[in-house]
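K.L.:
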Amino acid sequence: MNLIIFSGFLGSGKTSLILSLAHFIVESQTSKKPNLVIIENEVGDIGIDDKVLKSGGFSVRELFSGCICCQLTSDLIITLNDIKEKIDPKWVIIETTGLAYPGKILGNLNKYGKGIDSIKTVTVVDAERFYELRTVAPILIENQISEGDSVLINKVDLTLDLELEIIEKDVKHLNEKANIYRVSASKNVDDCMWKRVVDISG
Ligand SMILES: Nc1nc2c(ncn2[C@@H]2O[C@H](COP(=O)(O)OP(=O)(O)OP(=O)(O)O)[C@@H](O)[C@H]2O)c(=O)[nH]1
Ligand SMILES: [Mg+2]
1 MNLIIFSGFL GSGKTSLILS LAHFIVESQT SKKPNLVIIE NEVGDIGIDD KVLKSGGFSV
61 RELFSGCICC QLTSDLIITL NDIKEKIDPK WVIIETTGLA YPGKILGNLN KYGKGIDSIK
121 TVTVVDAERF YELRTVAPIL IENQISEGDS VLINKVDLTL DLELEIIEKD VKHLNEKANI
181 YRVSASKNVD DCMWKRVVDI SG
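Going by UniProt numbering, the sequence shown opens with residue 1, and the numbers climb by one from there.
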């Protein structure tokens, strides 16, 4: 079971990008065995993203009564164990709340997770609101960026090239090791990017 954890501020484009990745994973699958489950973590009880993902035909599990980086750590572990036991998919995508600290989730999974072969972290950056959010929630935004194996600078269709260059420099400064990509979730996302993000070779 390979985990892909999506973080990124509220409204940055996580669900839109997960839909694109989920299609890519399903289309690349060679066996008939179900190979993808998506875990949706939303605070509050209106599961909009859950409905969006389910309408795409994907298997979705919900964790709606708090954030998996703090109150719901044990719920996440229980849910993952249950998915492993009943489905044992190749991939599990986790959409965290926009306020989650991915480093905390990683720490808990490394400590308590079972049957996990790999964990990849993907951080979605909202290019349109980057500097606004850096000012409003600097610690959260910096933590999310610094924990990403891949950082997807999203909404490039709404951002000037010059601004994108500055944002990319800033992201590199916060996380030298990450693979950084510019994307627009509302347009077609290149499969080559998803291949590199999830490390599917070929
Ligand atoms: N123009 C444009 N709009 C985008 C892009 N990506 C996402 N959006 C829009 O931004 C809004 C939020 O996108 P979501 O994918 O729901 O973002 P999210 O991070 O899942 O949001 P929460 O789960 O509420 O935190 C939606 O109205 C999307 O259609 C993009 O690349 N370009
Ligand atoms: Mg969402």
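Think of the CB as a built atom: it goes at the ideal place given N, C-alpha and C, for glycine as much as any other residue.
1. Do residue 120 and residue 198 have their beta-carbon atoms positioned less than 8 Å apart in this structure?
2. Is the CB-CB distance between residue 127 and residue 159 below 8 Å?
3. Whose CB is closer than 7 Å to a heavy atom of ligand 2? List the residues in chain order.
4. What residues are listed by DSSP as bridge partners for residue 150?
5. Helix, strand or coil for residue 189 per DSSP?
6. Would you please state the rounded distance, in angstroms, between the beta carbons of residue 150 and residue 183? I believe it to be under 8 Å.
7. In whole angstroms, what is the alpha-carbon distance linking residue 129 and residue 60?
8. By the DSSP assignment, the alpha helix (DSSP H) with residue 20 in it spans what residues?
9. Quick one: what's got a C-beta closer than 6 Å to residue 202's C-beta in the same chain, skipping five residues either side?
10. Less than 7 Å between the CB of residue 65 and some heavy atom of ligand 1, yes or no?
11. Between residue 22 and ligand 1, is there a pair consisting of the residue's CB and a ligand heavy atom that are separated by less than 7 Å?
12. Report all residues from its chain with a CB closer than 6 Å to the CB of residue 82; omit the five preceding and five following residues, and keep chain order.
13. Does the beta-carbon of residue 185, which I'm using as the reference point, lie nearer than 7 Å to any heavy atom of ligand 1?
14. Helix, strand or coil: how does DSSP classify residue 160 here?
15. Does the Cβ of residue 152 lie closer than 7 Å to at least one heavy atom of ligand 1?
16. Buried or exposed for residue 155, going by 16 or more other Cβ atoms inside 10 Å?
17. Given a cut-off of 8 Å on the beta-carbon distance, is the pair residue 217 and residue 100 in contact?
18. Using the C-alpha atoms, what's the distance from residue 43 back to residue 1?
19. Could you check the C-alpha separation between residue 133 and residue 32 for me, to the nearest Å?
P.N.:
With the structure as the only source:
1. yes
2. yes
3. 14, 15, 49, 95
4. 122, 179
5. coil
6. So it is not a contact: roughly 10 Å between Cβ atoms.
7. 29 Å
8. 14 to 28
9. At residue 202 the pLDDT is 39, less than 50, meaning the model places this residue with poor confidence; the figure from the coordinates comes in the next sentence. Nothing meets the Cβ criterion.
10. no
11. no
12. none
13. yes
14. coil
15. no
16. buried
17. Examination of residue 217 is not possible in this model, given that the chain is present from 1 through 202 alone.
18. 26 Å
19. 43 Å
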